[in-house]
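All you need for this note's numbering is the position in the sequence shown, starting with 1, plus 1.
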Amino acid sequence: MNFTAESVEKAVYQFYLEPAQVHQWLTLAQESPEAWKSELTEEQCAELKIKLIRHIVAYISQGPRIILTRLCIALSSFIIRTIPTLWNTAIIDVISVFQVENLPEVPPEKSISALLQILTVLTEEFQTMILAQSFRVHVRRQFNSNTDQVLSLIQQTLLKSNDVSLSLHALNCFQKWIQFGISIPDCTKLIDLVFNIISIKEFCEAGSDIIQSIVYHPESHKYPDSILELLKKVLQLENLLLIAVQQKDLDICSTLCGLFTAIGETHTRLFLEVFLKDDSAKENFLKLVKIILACTGAPGQYPIDETFSYVTFAFWYNLQDEIISADKKNSVIFRSYFTSIFESLVDTLLQKRMSPRIKSGTWSADEIEQFRCYREDIGDTFMYCYNLLRTKMLERLLNHINNVLIRAKSNKDEFEQALEVCLSAFQSVADSVDTDENIYVPQFLSQLLNIPFQDNPYILASAIDAVGAYAEWINCNPNALSQIIPLILMGLNEPGAASSATLALSDISRDCQLNMRPFAESILTVCEEVFVKHLLKQHEEVRLMYSVGYAGSLLSPEVLLNYLKKLLTPVFVEMQNLSQKQELTAVEQSTLISRLKLLSTLFHTLNIKLKEEDPDGNVKIVTQQEENVSIIQPVLPILEEFLPVLKQIVTRWPLCAPLTDAVCEVLKRAVTNLLDDVLPALRSILQFLNVIYTSFPSVAALNLYKMIALIFFDNEDQKMVVQNTLVLIVNKTLAISQTGGLSNNSDICETFCQLLGNLIKKLPTCLLHNEINLLLLFQYGVAVIAIPEAPAVKSASIFMVNFINQSRDYPSMLHVINNYGHVLLTQILTSIGGLSPRGVMDSVTDVLTAMLKKYFDNTTRWLHSITTKENFPAVHINKMQKEEFVNKILKDYSNKRKLQEHVKTFSLLCRGLIGTEYANQILPSL
2 MNFTAESVEK AVYQFYLEPA QVHQWLTLAQ ESPEAWKSEL TEEQCAELKI KLIRHIVAYI
62 SQGPRIILTR LCIALSSFII RTIPTLWNTA IIDVISVFQV ENLPEVPPEK SISALLQILT
122 VLTEEFQTMI LAQSFRVHVR RQFNSNTDQV LSLIQQTLLK SNDVSLSLHA LNCFQKWIQF
182 GISIPDCTKL IDLVFNIISI KEFCEAGSDI IQSIVYHPES HKYPDSILEL LKKVLQLENL
242 LLIAVQQKDL DICSTLCGLF TAIGETHTRL FLEVFLKDDS AKENFLKLVK IILACTGAPG
302 QYPIDETFSY VTFAFWYNLQ DEIISADKKN SVIFRSYFTS IFESLVDTLL QKRMSPRIKS
362 GTWSADEIEQ FRCYREDIGD TFMYCYNLLR TKMLERLLNH INNVLIRAKS NKDEFEQALE
422 VCLSAFQSVA DSVDTDENIY VPQFLSQLLN IPFQDNPYIL ASAIDAVGAY AEWINCNPNA
482 LSQIIPLILM GLNEPGAASS ATLALSDISR DCQLNMRPFA ESILTVCEEV FVKHLLKQHE
542 EVRLMYSVGY AGSLLSPEVL LNYLKKLLTP VFVEMQNLSQ KQELTAVEQS TLISRLKLLS
602 TLFHTLNIKL KEEDPDGNVK IVTQQEENVS IIQPVLPILE EFLPVLKQIV TRWPLCAPLT
662 DAVCEVLKRA VTNLLDDVLP ALRSILQFLN VIYTSFPSVA ALNLYKMIAL IFFDNEDQKM
722 VVQNTLVLIV NKTLAISQTG GLSNNSDICE TFCQLLGNLI KKLPTCLLHN EINLLLLFQY
782 GVAVIAIPEA PAVKSASIFM VNFINQSRDY PSMLHVINNY GHVLLTQILT SIGGLSPRGV
842 MDSVTDVLTA MLKKYFDNTT RWLHSITTKE NFPAVHINKM QKEEFVNKIL KDYSNKRKLQ
902 EHVKTFSLLC RGLIGTEYAN QILPSL
């Protein structure tokens, strides 16, 4: 791009007419080297500096504030660009110019305010501007050499000014320079000054932000003594927090809570390191922990009456993590001090997590969502507590449940809230509980039998959620199933608990399948009743079908088929009726898709050839039949029964992608489950697939065929029918690429190239069929590399790499490469030259690598020939640059990293980006 003063001036004028179109150009101009390699001489730069300062002075007393702000930003940018070379004393000069005595015509507070604004913006601009790394280092060095003057100005302002606004401006400037990188020892006096004024309400937030910036700074760990002194000062703010809590000043509470938590969570390791060495440091840290605990348990209901307790959760994670990761001796000592604190934390969190009775309209949707997220964060914190307390926490939670049940009759609402939060706490720690824990989890499950679930669907759902979370533990302790299964089956018949019941049953069925044999028939019986009564939502029915499959797999085929007939007949009839309609409403389409998902789910989990591991890890098949009896998988007859109605669906609505995708998923799950057992129906499935793909080519159909081909292509009895389907898919895909365009079908391009890449790598002979034109497939892959959609380009590149790698072993492929390899290379260079997104350069480079490794002589000749074309692959490069690139890749083609580096650099050159700030940023990382 041509960035000149005239073009920028025109663009600025045009910006006010067409801002959207001009904004990007102006942004590029601002960041371009030309913008800072202008025609200005050193004398002109000095003149521009003076003019900027004069204009700022002119606007200090009068004029729009926004113009003064933009002028300060402009001067800051000028300083950053010139301070390493032309204006080393920029910061000192600016501070001097804006001294009160040098601007007698300007009100003193306004001149200092403008100066502070310039110094504040200076650090902000430095952080956001795109600068070459070496240049950035020089600028930072110049800034660091002037920090004393900046800090002195801020300190004098805070000491002398009675203007609150000016003092806040000084505090903001101080914070920005801290974030820039001032060391703690360099600003001790200013920090003391901040603590002196932090108790003043107007300065509390700004002062707290400054202290947080200090403790959060990534280099603060270099100054442990300073941090320990800082902690002493922070602890002196405890009374200020207590007063704010009493006065219900949420702003001050939130500010101070953030401050206490910040120093605690950032320097937990330091405080624990000195904990055992210094009694004073130990007492200080214990005091801090107790203050943070008080913040966690702040009175009031989050997020209505208090809005800050959530800030403390990260601290509790850091503390427990540091304690349990300490060496064994120190960890024991730490636990002796902090166990009681974490036990109190558990009690506190139980209270804070308790769900209030929200009356309609009293909470906004945002507040309800905030509280939901808050409860999840507390659940995570429960897990942190368990990591430290282990079984002591389970014992404590169990005691809470016992106490709640004792008080159950006195207050129903309080009972439900208190019991639910205990149950959810047990659920939160489930993943961390060892499967060999045999004291408190069994007691917990037994105690569930004492809970009065009648007319308490809320509690029933919570109990079911909790036991579902212990599926892995239950698998190792199967005796618990006799207590759990009846509870879950009860929930299936209770609308308020049904969703939890379907989820818990699916988890337990998956993890504990072989141990559920005694309960299989009762599970199927209840599931059948639930389906008949239509008690569940559609997605819940789909989820429940997982359990039907897992439980059904434990029964003999005769018993199972009897259950499935009663269960699936209504589904079959409903699908058949819907499939015969000329048009479907949105509700009917949703229902039909839901029924297809039911089948997919059943086919995914129903398999009477169960796999079981012995103690040595060996897998064996467990069935319900004698060894010499032929086993017919129940999925097969079900599939054969449903195939006609599935065919009717895709025939009736071939252009409805959600329906065809759902049908393909049914078939995919069936094939995956049955494997060789699907052979009796495989021909029908492939014929079905032919109908689907002929009517409406889809990603789902391609994925279905890919799976079938990889499993059954080597089967001699099925090879021909699998091959015929491939011929149909190839010819149909090539045909639509001619009419519909590749970019318009980029998802098909991506998946088809994935299919081709897999087949040519694992089953290369399947593409040698006389009805498959290898040249057209090759040209298709080359064409897909040219489209802008990155996922498709990457898949096409993989296909091309595999094609090239296999071609030496098959004459027909070899013929294609020898005669048309130059076409592929031309496309690769075109992509590198700017046609393709930069994100696919590694994929394109892989194709180039394959050509160089398999066809080095031809590729060398073609590269030299192709690159002689004028203005190819881009107008920004000359003949010498192209020759240099070709020589580099011919030399380093066996070194993947170097080849990628050469391609990326050449691509930047072709795109006109070499020499830009962007290139300066990314080239060091190549």
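Just so you know, even glycine gets a beta-carbon here, dropped at the ideal spot from N, CA and C.
Since we're looking at a predicted model, the values are computed, not measured.
Note to self: So the candidates are S591, S112, L910, K288; which of them puts its Cα closest to the Cα of L830?
What the structure shows: As a working note, residue 830 is residue 829 in the sequence shown. Selected option, being the one with the closest Cα: L910.
Check: What is the DSSP secondary structure of L668, counted as helix, strand or coil?
Finding: Here residue 668 refers to the residue found at position 667 of the sequence shown. Three-state DSSP puts L668 in a helix.
Notebook entry, point to check: Would L117 pass as a contact of C174 if the rule is Cβ separation under 8 Å?
Noted result: For this step, residue 117 is matched to residue 116 along the sequence shown. For this step, residue 174 is matched to residue 173 along the sequence shown. Contact: yes.
Next item on the list: Pull up the distance between the alpha-carbon of L683 and that of F643, whole angstroms please.
Entry: For the purposes of this step, residue 683 is identified with residue 682 of the sequence shown, where counting begins at 1. For the purposes of this step, residue 643 is identified with residue 642 of the sequence shown, where counting begins at 1. L683 and F643: Cα-Cα distance of roughly 14 Å.
Next item on the list: Within the same chain, show all residues whose beta-carbon is closer than 7 Å to that of A791, passing over the 5 residues directly before and after it, in chain order.
Entry: Working through the sequence shown from its first residue, we reach residue 791 at position 790. Once the five neighbours on either side are set aside, the close Cβ partners of A791 are P838, G840, V841.
Item checked: Reference Y459, options K598, F416, F800, V430, closest by Cα -> Counting from 1 along the sequence shown, the entry for residue 459 is found at position 458. Y459 has its Cα closest to that of F416, out of K598, F416, F800, V430.
Item checked: Distance between L49 and A115 (C-alpha atoms, nearest Å) -> The residue given as residue 115 occupies position 114 in the sequence shown. The residue given as residue 49 occupies position 48 in the sequence shown. Looking at the two C-alpha atoms, the distance is approximately 19 Å.
Note to self: According to DSSP, is L611 part of a helix, a strand, or is it coil?
What the structure shows: To locate residue 611, count along the sequence shown from 1; it is residue 610. Three-state DSSP puts L611 in a strand.
Notebook entry, point to check: How is the alpha helix (DSSP H) around E323 delimited, first residue to last?
Noted result: The residue you call residue 323 lines up with position 322 of the sequence shown. In this chain, the alpha helix (DSSP H) harbouring E323 covers 314-326.
Next item on the list: In angstroms with no decimal places, state the Cα-to-Cα distance between N89 and S146.
Entry: What you label residue 89 is simply residue 88 of the sequence shown in a count that begins at 1. What you label residue 146 is simply residue 145 of the sequence shown in a count that begins at 1. Rounded to whole angstroms, N89 to S146 spans 10 Å at the Cα level.
Next item on the list: State the DSSP-derived secondary structure class of L536, mapped to helix, strand or coil.
Entry: In the sequence shown, the residue the question calls residue 536 occupies position 535. For L536, the three-state secondary structure derived from DSSP is coil.
Check: In whole angstroms, what separates the C-alpha of E220 from that of W178?
Finding: Stepping through the sequence shown from its first residue, residue 220 is reached at position 219. Stepping through the sequence shown from its first residue, residue 178 is reached at position 177. Computed Cα separation, rounded: 14 Å.
Next item on the list: Would you identify the three-state DSSP class for Q134, choosing helix, strand or coil?
Entry: Taking the sequence shown and counting its residues from 1, the one referred to as residue 134 is at position 133. When DSSP states are grouped into helix, strand and coil, Q134 belongs to the helix group.
Margin query: With H, G and I counted as helix, E and B as strand and the rest as coil, what does DSSP make of M801?
Written below: The sequence position of residue 801 within the sequence shown is 800, counting from 1. Reduced to three states, the DSSP call for M801 is helix.
Item checked: Same chain, Cβ closer than 6 Å to E666, neighbours up to 5 away in sequence not counted -> Taking the sequence shown and counting its residues from 1, the one referred to as residue 666 is at position 665. Contacts found: S601.
Next item on the list: Give me the Cα-Cα distance between Q807 and L735, rounded to the nearest whole angstrom.
Entry: Your numbering for residue 807 matches position 806 in the sequence shown. Your numbering for residue 735 matches position 734 in the sequence shown. Roughly 22 Å between the two C-alpha positions.
Next item on the list: Look up E928 in the DSSP assignment and say whether it is helix, strand or coil.
Entry: Look at the range of the chain in this structure, 2 to 927, and you will see that residue 928 is not part of it.
Note to self: Between E884, L350, S591, I788, which has its C-alpha nearest G742's C-alpha?
What the structure shows: Taking the first residue of the sequence shown as position 1, residue 742 is located at position 741. Measuring from the Cα of G742, the nearest candidate turns out to be I788.
Margin query: With three or more C-beta pairs closer than 8 Å as the rule, is the region 118-131 touching the region 68-85?
Written below: Short answer: they touch.
Notebook entry, point to check: Assuming I212 contacts F261 under a Cβ cut-off of 8 Å, what Cβ separation, rounded to an integer in Å, is found between them?
Noted result: Within the sequence shown, the letter at position 211 stands for residue 212. Within the sequence shown, the letter at position 260 stands for residue 261. At roughly 10 Å, the Cβ-Cβ gap does not stay under 8 Å, so I212 and F261 are not in contact.
Check: Do Y318 and D378 have their C-beta atoms within less than 8 Å of each other?
Finding: Residue mapping note: residue 318 aligns to position 317 of the sequence shown, counting from 1. Residue mapping note: residue 378 aligns to position 377 of the sequence shown, counting from 1. No, they are not a contact pair.
Note to self: So, under 8 Å CB-CB, L229 and A282 are touching, yes? Tell me the CB distance rounded to an integer number of Å.
What the structure shows: Here residue 229 refers to the residue found at position 228 of the sequence shown. Here residue 282 refers to the residue found at position 281 of the sequence shown. About 6 Å; that satisfies the 8 Å criterion.
Check: Is the region 194-201 in contact with the region 133-152, if contact means three or more CB pairs nearer than 8 Å?
Finding: Result no; under three Cβ-Cβ pairs closer than 8 Å.
Next item on the list: Tell me where the alpha helix (DSSP H) around C386 begins and ends.
Entry: Translated into the one-based positions of the sequence shown, residue 386 becomes position 385. Looking at the DSSP string, the run of the alpha helix (DSSP H) that includes C386 is 366-390.
Notebook entry, point to check: If you follow the alpha helix (DSSP H) that A586 is part of, which residue opens it and which one closes it?
Noted result: Residue numbering aside, residue 586 sits at position 585 when the sequence shown is read from its first letter. A quick correction: the sequence has Thr, not Ala, at residue 586. Note, T586: premise wrong, no alpha helix (DSSP H); not H, not E.
Check: Quick one: Cα of D306 to Cα of T349, how far?
Finding: For the purposes of this step, residue 306 is identified with residue 305 of the sequence shown, where counting begins at 1. For the purposes of this step, residue 349 is identified with residue 348 of the sequence shown, where counting begins at 1. When rounded, the distance between both Cα atoms is 16 Å.
Check: Taking the C-alpha atoms as reference points, what is the distance between G265 and I324?
Finding: Numbered from its first residue, the sequence shown carries residue 265 at position 264. Numbered from its first residue, the sequence shown carries residue 324 at position 323. As the crow flies, the alpha-carbon of G265 is around 14 Å from that of I324.
Next item on the list: Closer than 7 Å by C-beta to L104: which residues in its own chain qualify, once you throw out the five before and the five after it? Chain order, please.
Entry: What you label residue 104 is simply residue 103 of the sequence shown in a count that begins at 1. V58, S112.
Next item on the list: Return the CA-CA distance between E368 and S356, expressed in angstroms with no decimal places.
Entry: If you number the sequence shown from 1, residue 368 lands on position 367. If you number the sequence shown from 1, residue 356 lands on position 355. Straight-line spacing of the CA atoms in E368 and S356 works out to 13 Å.
Note to self: Please classify G362 as buried or exposed, where buried requires at least 16 other C-beta atoms within 10 Å of its C-beta.
What the structure shows: Taking the sequence shown and counting its residues from 1, the one referred to as residue 362 is at position 361. Burial call: exposed.
Notebook entry, point to check: Are there 16 or more other CB atoms within 10 angstroms of the CB of S326, so buried, or fewer, so exposed?
Noted result: As a first step, residue 326 is located in the sequence shown; it is residue number 325 there, counting from the start. S326 is exposed by the Cβ-count criterion.
Notebook entry, point to check: Looking only at C-alpha atoms, which of V543, N608, F857 sits nearest to S591?
Noted result: Locating residue 591 in the sequence shown gives position 590, where the first residue counts as 1. Measuring C-alpha to C-alpha distances from S591 to each of V543, N608, F857 identifies V543 as the nearest.
Next item on the list: Reducing DSSP to helix, strand and coil, say where Y551 ends up.
Entry: Looking up residue 551 in the sequence shown gives position 550. Looking at Y551 - three-state DSSP - the assignment turns out to be helix.
Check: Near L273, what residues of its chain come up, given a Cβ to Cβ distance below 6 Å and the 5 sequence neighbours on each side ignored?
Finding: Here residue 273 refers to the residue found at position 272 when the sequence shown is read from its first residue. Scanning its chain for C-beta atoms nearer than 6 Å, with the 5 sequence neighbours on each side dropped, one finds around L273 the residues E323, in chain order.
Checklist line | R912 - containing alpha helix (DSSP H), residue span | finding: Position 911 of the sequence shown holds residue 912. Where R912 is concerned, there is no enclosing alpha helix (DSSP H), given that its DSSP letter is neither H nor E.
Next item on the list: Return the chain-ordered ranges of every alpha helix (DSSP H) run that is complete within the region 143-207 and spans a minimum of 4 residues.
Entry: Counting whole runs of 4 or more residues, the region 143-207 contains the alpha helix (DSSP H) stretches 148-161, 165-181, 189-198.
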